[in-house]
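Per my numbering, the very first residue in the sequence shown carries number -12; after that it's consecutive. Each residue gets a CB set at the ideal place from its N, CA and C atoms; glycine is no exception. Below: one structure, written as structure tokens.
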Amino acid sequence: MEQTLSIIKPDAVKKGVIGKIIDRFESNGLRIAAMKKIQLDDAKAGGFYAEHKERPFFGDLVAFMTSGPVVVMVLEGDNAIAKNRDLMGATNPKEAKEGTIRADFAESIDANAVHGSDSAQSAQREIKYFFSDNEVL
Ligand code: CMP
């Protein structure tokens, strides 16, 4: 069983599609092992996206991720990392395949509804960034 971190971003929370997004995960064999709704501040969002610190979009990314509450989750299942990325679709919703979460619920590359870990190494770091061991059940 593999685990991955998923974030439902402020745009999707504001739109009221938390349940619809979670349904995509559960209907496709991903179990919710942990979940909480939180408000990120600059330090927490900036630390999460530290690998993008030098990218030109970093400031906008942190501003967007702190613009409202997010839902962070640990998803668990066979090939959870790749499966979650398939369900999300491309980072830019304009390039996301029909039927993916980003094609259906996202507006732009910044407001792109969801985040998912991109490797086993980042999944491990990202899960620990938001959850202690006894919160992952
Ligand atoms: P996410 O998967 O959360 O990881 C980093 C985020 O940066 C990405 O989704 C996008 O929402 C955002 N972003 C903004 N511009 C870009 C870009 N040019 N390339 C990649 N990610 C970008």
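Tell me the rounded alpha-carbon separation between residue i and residue j.
i: residue 124; j: residue 19; result: 9 Å
i: residue 83; j: residue 57; result: 22 Å
i: residue 35; j: residue 96; result: 18 Å
i: residue 39; j: residue 46; result: 10 Å
i: residue 33; j: residue 48; result: 9 Å
Starting from residue i, follow its DSSP beta bridges and name the residues at the other end.
i: residue 57; result: 25
i: residue -10; result: 63
i: residue -5; result: 58, 101
i: residue 19; result: 62
Are the beta-carbon atoms of residue i and residue j separated by less than 7 Å?
i: residue 69; j: residue -10; result: no
i: residue -8; j: residue 104; result: yes
i: residue 0; j: residue 92; result: no
i: residue 62; j: residue 118; result: no
i: residue 114; j: residue 101; result: no
i: residue -2; j: residue 98; result: yes
Using 8 Å for Cβ pairs, my map puts residue i next to residue j. What's the rounded Cβ distance?
i: residue 53; j: residue 28; result: 6 Å
i: residue 22; j: residue 60; result: 5 Å
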